[in-house]
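Novice: Pasting a structure here, questions to come.
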Amino acid sequence: MQTKIWRMPAHKPDEELLEEAASFLKKGELVAFPTETVYGLGGNALDSSASRKIYEAKGRPSDNPLIVHISDINQIDELVRSIPPVAIKLMEKFWPGPITFVLPKSDKIPAVITGGLDTVAIRMPAHKIALKLIEIAGLPIAAPSANISGRPSPTTAQHVIDDLGGKIAGIIDGGKAGVGVESTVLDLTTPVPTILRPGGVTLEDLQKEIGEVHIDKGLIDANHVPRSPGMKYTHYSPKADVIIVKGSLTEMAEKILTITGEELGQGKKVGLMVSQELYELLKTDLPGSVLVEILGKKNNLAQVTSNLFMELRALDKEKVDVIYVENFPETYIGAALMNRLYKAAGGKTI
Ligand code: TXA
Ligand code: MG
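Numbering (this note's numbering), first residue to last: 31 to 380.
Structure below.
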């Protein structure tokens, strides 16, 4: 299939082009679009055959439910059975924005979307193009990240073309997605709201707003199965082995210099993803053949997070055998950053 590309600036949606993109959605076709987190692969959430196309294009396991995206708070009534007061408070505070709420689903939502669950995940994205597209389509839009299942989520239209070009009707290119990791998934069907996936809205943000917030045990303890089906799969993985390097800046630098020396000696192609600060410590002694991607300043975790998937994909394109990544603090957005890194690394650390 020929994939159409529509280009427009993130802050200035082109309504004429979006009309055309929306017409594909209304026909049950798939259109990828930018959001403030990552690019999404959109399809009509009320049409089960559109959802089946999403699973097929991504190669996604059918028990991993999709997030339904809306552009207007009034759309939610037909999608859920009930809305607890805490949900209203959080929607007022954080929507549009990088947080998804899990609520009891209504009968209007096809079972394919929720992987058979009795709940549905809903989000109102804070991206002008996404909001305008959903508004023009006049439909709730199911949209997982627009990557092949298991690969790092796409933060540019080119990433989507690399994974899904030729398989979907169109892609809206609105430049680089800002947050760089997916939305927070918060379950509001539990007595205490529970984070199922850390993301753009942080634990600290939520605690400030509503006090007690739980974190799904499956995210922190390997003996528990995560309640968000998507979190149990290997994920965000480039083809190379990813290994997280722990310790102080000097300890990390020493470990990296030793290990890259050994790996290069074995004929391996080595990639590195580090902060500016760690790079400064390494640069005089690091062998020239090591491919280095600088994620950003250590004290700017938002910048580091925003570059993570892009740099994983960049090193993949260079066909490195192994990628060593600096360890970052797990507070604020760092919780989402390290969650994705641990998954990309399959838990491997040195
Ligand atoms: O930022 C985002 O959320 C992006 C953009 C495109 O909006 N979307 C995204 O979708 O990350 P996806 O499909 O890649 O991830 C959805 C996550 C999965 O981990 C899935 O298991 C979980 O949300 N999820 C969806 N519905 C759920 C439900 N009813 N209960 C628990 N987890 C659910
Ligand atoms: Mg995804």
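For glycine and all other residues, C-beta sits at the position ideal for the given N, C-alpha and C.
Starting from R37, follow its DSSP beta bridges and name the residues at the other end.
Specialist: D203
Novice: Can K140 and S78 be called in contact, C-beta distance under 7 Å?
Specialist: The sequence as given places Pro at residue 140; Lys does not occur at that position. Yes, Cβ-Cβ distance for P140 and S78 is below 7 Å.
Novice: Mind checking which residues open and close the alpha helix (DSSP H) that includes N369?
Specialist: G364 to A375
Novice: Roughly how many angstroms lie between the CA atoms of K247 and L60, to the nearest whole one?
Specialist: 34 Å
Novice: For R90, does the count of other Cβ atoms within 10 angstroms reach 16, so buried, or fall short, so exposed?
Specialist: So R90 ends up on the buried side.
Novice: When burial is assigned at 16 or more other CB atoms within 10 Å of the CB, is T280 buried or exposed?
Specialist: exposed
Novice: Let me know the beta strand (DSSP E) ranges lying completely inside the region 145-184, each 3 residues or longer, listed in chain order.
Specialist: 149-153
Novice: If you draw a straight line from the alpha carbon of A366 to that of K313, how long is it in whole angstroms?
Specialist: The straight-line gap separating the alpha-carbon atoms of A366 and K313 is approximately 28 Å.
Novice: With H, G and I counted as helix, E and B as strand and the rest as coil, what does DSSP make of V209?
Specialist: Coil.
Novice: Beta-carbon within less than 6 Å of S258's beta-carbon, same chain only, minus the 5 sequence neighbours each way: which residues are those?
Specialist: V215, L226 and R227
Novice: Could you check if S101 is buried or exposed, using at least 16 other CB atoms within 10 Å of its CB as the buried criterion?
Specialist: So S101 ends up on the buried side.
Novice: Spatial neighbours of K349 within its chain, please: C-beta separation below 6 Å, excluding the five flanking residues on both sides.
Specialist: Excluding sequence neighbours, K349 sits near nothing in its chain.
Novice: On the three-pair Cβ rule with 8 Å, is the region 70-85 touching the region 166-182?
Specialist: yes
Novice: In chain order, which alpha helix (DSSP H) runs of at least 4 residues are fully inside the region 67-109?
Specialist: Runs of the alpha helix (DSSP H) inside the region 67-109: 78-88.
Novice: Determine the direct distance from the alpha carbon of L194 to that of Q382, and round the result to whole angstroms.
Specialist: Any question about residue 382 goes unanswered here, given that the chain covers just 31 to 380.
Novice: Just to confirm, does P174 get its C-beta within under 6 Å of one of the non-hydrogen atoms of the ligand MG?
Specialist: Checking every heavy atom of the ligand MG against the Cβ of P174, one is found closer than 6 Å.
Novice: Between which residues of its own chain and Y362 is the CB-CB distance below 7 Å, once the five residues before and five after are set aside?
Specialist: T232, E234 and L331
Novice: What are the partner residues of K135, as DSSP defines its beta bridges?
Specialist: V110
Novice: Out of K42, E122, L311 and E66, which one is the CA nearest neighbour of G229?
Specialist: E66
Novice: Per DSSP, what kind of secondary structure is T288 in: helix, strand or coil?
Specialist: helix
Novice: Runs of 3 residues minimum, wholly inside the region 239-289: which ones carry the beta strand (DSSP E) assignment?
Specialist: DSSP runs (the beta strand (DSSP E)) wholly in the region 239-289: 271-275.
Novice: When DSSP labels each residue in this structure, what does G230 get in the three-state scheme?
Specialist: coil
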